[in-house]
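K.L.:
Residue numbers (the working numbering): 111 to 293.
Here a beta-carbon is modelled for each residue, glycine too, at the ideal position from N, C-alpha and C.
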């Protein structure tokens, strides 16, 4: 029998979540404190799920989103997902820092920024290619992650998010299978 996504995913109830009304401060503290929420054999969470009043997942906030939200001028640059798919060389990245005057404010002002920033303003709203059915095979999910350059997928059942599949957990499962090989 083939391994399904449902066997590897982290159930929604076990993954850190914040309400859509939360501040960036609340999301970062939730993520920071979540390092003890998963069993020892799992990698620490690197994202929080954003839920509405009914507990429906409406977004995701990962480590990169949190850091990017601390510099509001990133909003002037454009769609990061599209830019990064084209590949950026180091010289171009350095020129962007100068051109857009990024990271000029001292890091001491972080507290003011995180309290004033809404999670709704900096979260990623899931796109169609960020969902995988719970009954999909692990092979199908791995293909989707590799081709879509996704580090995680929302796992759905009857159009409801029931879990979260992370590339690190997929890798851990695959690596465990490989360690069983008689080489």
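How big is the Cα-Cα spacing for residue 236 and residue 219?
P.N.:
30 Å
K.L.:
On the CB-based measure, 16 or more other CB atoms within 10 Å of its CB, does residue 291 come out buried or exposed?
P.N.:
exposed
K.L.:
Along the beta strand (DSSP E) that carries residue 173, what are the first and last residues, could you check?
P.N.:
Element bounds for residue 173: not the beta strand (DSSP E) but the alpha helix (DSSP H), 173-179.
K.L.:
Identify the continuous beta strand (DSSP E) that holds residue 250 and give its terminal residues.
P.N.:
Run containing residue 250: none in the beta strand (DSSP E); it sits in the alpha helix (DSSP H), 248-258.
K.L.:
Based on Cα-Cα distance, which residue from 246, 166, 137, 240 lies nearest to residue 226?
P.N.:
Across the set 246, 166, 137, 240, the C-alpha of 137 shows the shortest separation from the C-alpha of residue 226.
K.L.:
For residue 115, which option in 285, 266, 286 has the closest C-alpha, if you only look at C-alpha atoms?
P.N.:
266
K.L.:
Helix, strand or coil: how does DSSP classify residue 274 here?
P.N.:
DSSP places residue 274 within a strand segment (E or B) once states are collapsed to three.
K.L.:
Spell out the partners DSSP gives residue 133 in its beta bridges.
P.N.:
Under DSSP, residue 133 takes part in a beta bridge, and its partners are 228.
K.L.:
Can you name the residues that DSSP bridges to residue 342?
P.N.:
Nothing about residue 342 can be reported from this structure: the residues present for the chain run from 111 to 293 only.
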